[in-house]
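Quick notes on the structure that follows.
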Amino acid sequence: MNYMKLIRTRKSTRDFKNEAVNDKKLEGLIKYFDKAHRLVPDIQLEAILFKDGDYVFDRLDGCAGYNGMMIKAPSYIIIVSDNKEGYIENTAFVGENMILKAVEEGLDTCWISFQSCDSIKERLCLDTAKEVTGIIAVGNALDKKKVLNPADTGDNYSKSDMKIVVDNTSFRYSLEDIIYYKQWGDPISYDELERRGLMDAFSYARLAPSSLNTQPWKFILDEGHVVLTIKDDPQIIQREEKMNAGVIMLYFYLISSDTLYGVQWHLGKPEKEYEIPEEYKIVSWARL
Ligand SMILES: Cc1cc2nc3c(=O)[nH]c(=O)nc-3n(C[C@H](O)[C@H](O)[C@H](O)COP(=O)(O)O)c2cc1C
Numbered sequence: 011m012n013y014m015k016l017i018r019t020r021k022s023t024r025d026f027k028n029e030a031v032n033d034k035k036l037e038g039l040i041k042y043f044d045k046a047h048r049l050v051p052d053i054q055l056e057a058i059l060f061k062d063g064d065y066v067f068d069r070l071d072g073c074a075g076y077n078g079m080m081i082k083a084p085s086y087i088i089i090v091s092d093n094k095e096g097y098i099e100n101t102a103f104v105g106e107n108m109i110l111k112a113v114e115e116g117l118d119t120c121w122i123s124f125q126s127c128d129s130i131k132e133r134l135c136l137d138t139a140k141e142v143t144g145i146i147a148v149g150n151a152l153d154k155k156k157v158l159n160p161a162d163t164g165d166n167y168s169k170s171d172m173k174i175v176v177d178n179t180s181f182r183y184s185l186e187d188i189i190y191y192k193q194w195g196d197p198i199s200y201d202e203l204e205r206r207g208l209m210d211a212f213s214y215a216r217l218a219p220s221s222l223n224t225q226p227w228k229f230i231l232d233e234g235h236v237v238l239t240i241k242d243d244p245q246i247i248q249r250e251e252k253m254n255a256g257v258i259m260l261y262f263y264l265i266s267s268d269t270l271y272g273v274q275w276h277l278g279k280p281e282k283e284y285e286i287p288e289e290y291k292i293v294s295w296a297r298l
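Read in order, the letters of the sequence shown correspond to residues 11 to 298 in the numbering used here.
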């Protein structure tokens, strides 16, 4: 798969055509899910396909989506997973990989937030011991256009930026905003990123989707490794923070595999201690 192209093409879709998706394409996505890249390989997870979009929409409207505003789509994929260390990040990693496959198939998608795993399971009558960890709307967008401002150096995040969710434009922070060099707050130079062969991996990672487009991530690039931190945002529940982390880890992993070598993420803190602000926490690190 040409991941760079797929990442550049992907956008979240909220308005879908009212037409069924080709069965073969949908079933292909479920097959792909089973062989997609894993963050934590020994966690069992499964993608369940709902071809009857109305069934899912009617049952989840009011209890999934931002403020309970469920996205209406012709089909949905529900991810269920065993509950083990790293299972949410792993769901996002695998699910987003499947989303990139959907983009390759010309399909459009959107992650859908939810509060209670149990109520989703109950409402959809899912007969599984696994936990519901992800909901993805799948279909064909009414409007295929994508608006991106990758060159924008970015103001600080504020609530007014939320309008982008409504406008369906996707603002992204700049590399300088999200990468520190060796310690918190120290700026990174483009020369350093080039010298380390990491320009592409970070440039594409920053295009990762995040709930409410909060882009809550900051990296510390050190000599032998990179550290991922995530902001504790009061408007985002913890599970979503972990989803956001999983998605950006996937993007970094895929592009570093294409351009450098497969960078393996480890959940938890590296040996070296970093001083980071209270509202951030270290999620993972990778050896470079
Ligand atoms: C974990 C997660 C949950 C999301 N939940 C919703 C949602 O419930 N409703 C919605 O409209 N968009 C949702 N999104 C999409 C984000 O709003 C979107 O990724 C972000 O605004 C950036 O836009 P883009 O994906 O088009 O680049 C979610 C994204 C992620 C990663």
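C-beta atoms are modelled at their ideal positions from N, C-alpha and C, and glycine is treated no differently.
Residues I98 of the same chain have their beta carbon placed closer than 6 Å to that of R249, with the five preceding and five following residues left out of the count. Put simply, the backbone Cα of S85 is about 27 Å away from that of L264. Contact between L39 and M108 holds: CB atoms are separated by about 6 Å, below the 8 Å threshold.
DSSP places S213 inside the alpha helix (DSSP H), whose first and last residues are 209 to 215.
In this structure, S267 is the residue among Q54, M253, S267, I230 with its C-alpha nearest to the C-alpha of D210.
Short note on R24: C-beta closer than 6 Å to some heavy atom of ligand 1. In this structure, I240 lies away from P219, with their beta-carbon atoms at least 7 Å apart.
With a cutoff of 7 Å on beta-carbon distance, L134 and R69 are scored as near each other.
In its chain, beyond the 5 residues on either side, V50, L277 have a beta carbon closer than 6 Å to the beta carbon of G96.
Sorting N77, D44, F26, D33 by C-alpha distance to the C-alpha of I247 places N77 at the top. Closer than 6 Å to some heavy atom of ligand 1: that does not describe the Cβ of E251.
By the neighbour-count definition (other C-beta atoms within 10 Å, threshold 16), M259 is a buried residue.
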